[in-house]
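A quick write-up on the structure given underneath.
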Amino acid sequence: MNFAGFIVAQTLNAFSQAAILFFIACGLTLIFGIMRIINFAHGGLFMVGAYVGYSTVAYTGSFWLSLLIAPITVAAIGGIFEKVFLSKLYVRQDAGAYLMLTFGLAIILAQAVHLIWGPQPRSVAIPDLLRGVVVILNQPFPIYRLFLIAIGAAAAIALWQFLERTRAGLLIRAVSQNAEMVHALGTDVALVRTGIFMLGCAIAALGGVLSAPLVTAFLGMGSTVIIDAFVIVIIGGMGSFLGSIVGSLLVAFVQVFGAYYFQDMALAIIYLLMLLVLIVRPGGLLGKEQ
Amino acid sequence: MLRIEGLHTYYGPGHILHGVDLHIPEAKIAAVLGRNGVGKTTTVRSIMGLAPPRAGHVWLANQDIAGWPPHLIARAGVAYVPEGRLIFPDLTVVENIRVAERTAARQWTLERLFQLFPALGERARNRGSELSGGEQQMLAVARALATDPKVMLLDEPSQGLAPLVVRELANVIGRLRDEGVTILLVEQNLKLAEAVADHVFVMVKGRTVYKAPLKTFQAEQNEVKARYLTL
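So the protein lines, in turn, are chains A and B. Residue numbers for the first sequence follow our numbering, beginning at 1 and rising by one. Residue numbers for the second sequence follow our numbering, beginning at 1 and rising by one.
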């Protein structure tokens, strides 16, 4: 077997894995940065995104349409949840209460998916345009994974530019630093909170739709990915957007190469990485020291 | 322009303000003096809606804004320069100001703000955390002005600043009044208060116990200080 080809293929694999992880981790970290909420339901929202994507493809036949419908649907669910339930807890500033509430939502989402779509996994076909492989250094590589890398990178750049260049992005950054001051300067902070929660949900749903062709849509997909996302957010720094990019890449590379070289320890390795980061930089690689 | 009547504010079960009365005519400066912990900051936060009063009125011109949410109070024309300045540390000087700019056509444009505070113009691309205390204070005032206020609330602006910077601050506050801004100044620094104020109020234990024009206050200063201000 050709070593260079192997390395390239695994590297591309890791990048495509990082793309999926980024879609869930960046919403998690943005929501934490603004609201100081650890959204346990984020994995559930990712899963609902995958199932809504499945149904969209089933009814319309268009994978591309599902990339639009699923994020909108999940953003609406998230927005209603934030307005009706989560916002009632803001005066209490109690992290435990947030955790209970979002954990409750995660359970309800899992049950709802079970009721609507049943227990069996639903597979989503890769759209014709992205089917097949390309040969890179004598190694076949799925086109769909290259597509994931491209869309992940595009999303990361777009979000970064949104945060840096738009007025909404400026307000999001300001609220993460001092919400009360933004409020006193004339901005309705409740709107910013709802907006960022919906944005985080939409991105997670997009990740869910995109991962469905790889792993099918299944009931446990949310809980698998949310643990990785928590690790990423801790490694990258809670609330740091760039940290979520760096963390996603690190975790994906460790997962992909770890699974190959240290099969017996593959699961443990990302936790060892997290432990190492926590010892060296307790606030995360790009986070603020507490 | 700003008239406060019988303001009562609680923090949880704690009754902090027991009836605060203040009146500031348009384009005048009122200084609120008092020892630590008498409720000066709570008064400012109550006016701003950050610590909503349970009873009383806050008249801004002809509108009672008591109990409104802070963003609507800000839009009605009240600007807030908090104790400790509370600059956004990771935003640049320009970004700090942009947060406060909700509409385009405004009285205090970026150029005018940089004319008023040339030092800020030079540091436009620096982050808030990179500024000196004096620059941060000027930025807090500039940021408040960017909301195009009728009334500005200044909470301990001289805190931690060198005497030379405090003098500069006094000039700025005087200029804002000349531009028509009505100012409520909470201060421990008696020199700054005397340098700019038209009226003086003194608070004790959550109440306003003394009010007088500056001239009268200066004449009665020793007595007022002994009764209300020294420990």
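Don't be surprised by glycine CBs; every beta carbon is placed ideally from N, CA and C.
Query: Under the assumption that A:Gly49 contacts A:Gly207 (Cβ atoms under 8 Å), give the Cβ distance between them as a whole number of angstroms.; Result: 7 Å
Query: Quick check on this structure: which residue in A:Met198, A:Gly222 and A:Phe197 has the alpha carbon closest to the alpha carbon of A:Val209?; Result: A:Gly222
Query: Please name the residue in A:Leu130, A:Arg281 and A:Glu180 whose C-alpha comes closest to that of B:Met48.; Result: A:Glu180
Query: What are the residues that DSSP puts in a beta bridge with B:Tyr236?; Result: Lying before the first or after the last residue shown, residue 236 of chain B is absent from chain B, which here runs from 1 to 231.
Query: Does B:Thr147 pass the burial test, meaning 16 or more other C-beta atoms within 10 Å, or should it be called exposed?; Result: buried
Query: Any heavy atom of the ligand FMN within a distance shorter than 7 Å of the CB on A:Val74?; Result: This structure does not include the ligand FMN; it has no bound ligands of any sort.
Query: Are any of the Cβ atoms in chain B nearer than 8 Å to that of A:Glu82?; Result: no
Query: In chain A, which residues lie less than 8 Å from B:Phe88 when you measure between Cβ atoms?; Result: Arg173, Ala174, Gln177, Asn178 and Met181
Query: Where do the N-terminal and C-terminal ends of the beta strand (DSSP E) with A:Phe32 fall, by residue?; Result: Premise fails: A:Phe32 lies in the alpha helix (DSSP H), Phe3 to Met35, not in any beta strand (DSSP E).
Query: Find the residues of chain B that neighbour A:Thr187, judging by a C-beta separation of less than 9 Å, and give them in chain order.; Result: His71, Ala74, Val99, Ala100 and Arg102
Query: Give me the chain C residues within the contact set of A:Ala184, using Cβ-Cβ distance strictly less than 7 Å, ordered along the chain.; Result: The chain labelled as chain C is not found among the protein chains of the depicted structure, namely A and B.
Query: Give a yes or no on whether 8 Å exceeds the smallest Cβ distance from B:Glu95 to chain A.; Result: yes
Query: If you follow the beta strand (DSSP E) that B:Leu152 is part of, which residue opens it and which one closes it?; Result: For the sequence presented, residue 152 of chain B should be read as Met rather than Leu. Run containing B:Met152: Val151 to Asp155, per the beta strand (DSSP E) assignment.
Query: Give the secondary structure of A:Phe141 by DSSP, where H, G and I count as helix, E and B as strand, and everything else as coil.; Result: strand
Query: Would you verify that the beta carbon of B:Leu304 is, or is not, closer than 8 Å to some beta carbon of chain A?; Result: No statement about residue 304 of chain B is possible, as the shown extent of chain B runs from 1 to 231 and does not include it.
Query: Give the secondary structure of A:Ile38 by DSSP, where H, G and I count as helix, E and B as strand, and everything else as coil.; Result: coil
Query: Would you tell me roughly how many angstroms separate the C-alpha atoms of A:Tyr59 and A:Pro213, rounded to the nearest one?; Result: 16 Å
Query: By how many angstroms is the C-alpha of A:Gly96 removed from the C-alpha of B:Val209?; Result: 44 Å
Query: Between B:Leu161 and B:Ile173, how many whole angstroms is the CB-CB distance? I'm expecting something under 8 Å.; Result: That pair is no contact at about 13 Å.
Query: Roughly how many angstroms separate the alpha carbons of B:Pro25 and B:Thr42, rounded to a whole number?; Result: 21 Å
Query: Please say whether A:Val134 and A:Ile143 have beta carbons closer to each other than 8 Å?; Result: yes
Query: When DSSP labels each residue in this structure, what does B:Leu60 get in the three-state scheme?; Result: strand
Query: Grab me the residues of B:Phe201's own chain with a C-beta within less than 8 Å of its C-beta, minus the 5 sequence neighbours each way, in chain order.; Result: Leu22, Ala30, Ala31, Val32, Leu33, Thr208, Tyr210 and Lys211
Query: So B:Gly14 is in the alpha helix (DSSP H); what residue range does that whole segment cover?; Result: No alpha helix (DSSP H) holds B:Gly14; the beta strand (DSSP E) holding it covers Gly14 to Ile24.
Query: Run through the segment 84–128 of chain B for me and flag every whole alpha helix (DSSP H) of 4 or more residues, listed as ranges in chain order.; Result: 93–100, 110–116 and 118–122
Query: Would you say A:Leu170 lies against chain B (beta-carbon separation less than 8 Å)?; Result: yes
Query: Buried or exposed, going by whether 16 or more other CB atoms sit within 10 Å of the CB of B:His15?; Result: exposed
Query: Compare the C-beta of B:Leu2 with all C-beta atoms of chain A and state if any pair is closer than 8 Å.; Result: no
Query: Helix or strand or just coil, what does DSSP make of B:Ala30?; Result: strand
Query: Between the C-alpha atoms of B:Arg125 and B:Thr103, what's the straight-line distance to the nearest angstrom?; Result: 22 Å
Query: Give every residue of the same chain whose Cβ lies closer than 7 Å to the Cβ of A:Gly292, excluding the five residues on either side of it in the sequence, and list them in chain order.; Result: Shown here, chain A extends from 1 to 290; a query on residue 292 of chain A therefore has no answer.
Query: Spell out whether any CB of chain A is found under 8 Å from the CB atom of B:Arg143.; Result: yes
Query: So, at 6 Å on beta carbons, what are the nonlocal neighbours of B:Tyr10 in its own chain, with the 5 sequence-adjacent residues on each side left out?; Result: Arg54
Query: Along the segment 139–167 of chain B, where does the CB come closer than 9 Å to a CB of chain A? Name the residues.; Result: Arg143, Ala144, Ala146 and Thr147
Query: Are there 16 or more other CB atoms within 10 angstroms of the CB of A:Thr11, so buried, or fewer, so exposed?; Result: exposed
Query: Anything in chain A within Cβ reach of B:Leu91, meaning under 9 Å, just list it in chain order.; Result: Leu170, Arg173, Ala174 and Gln177
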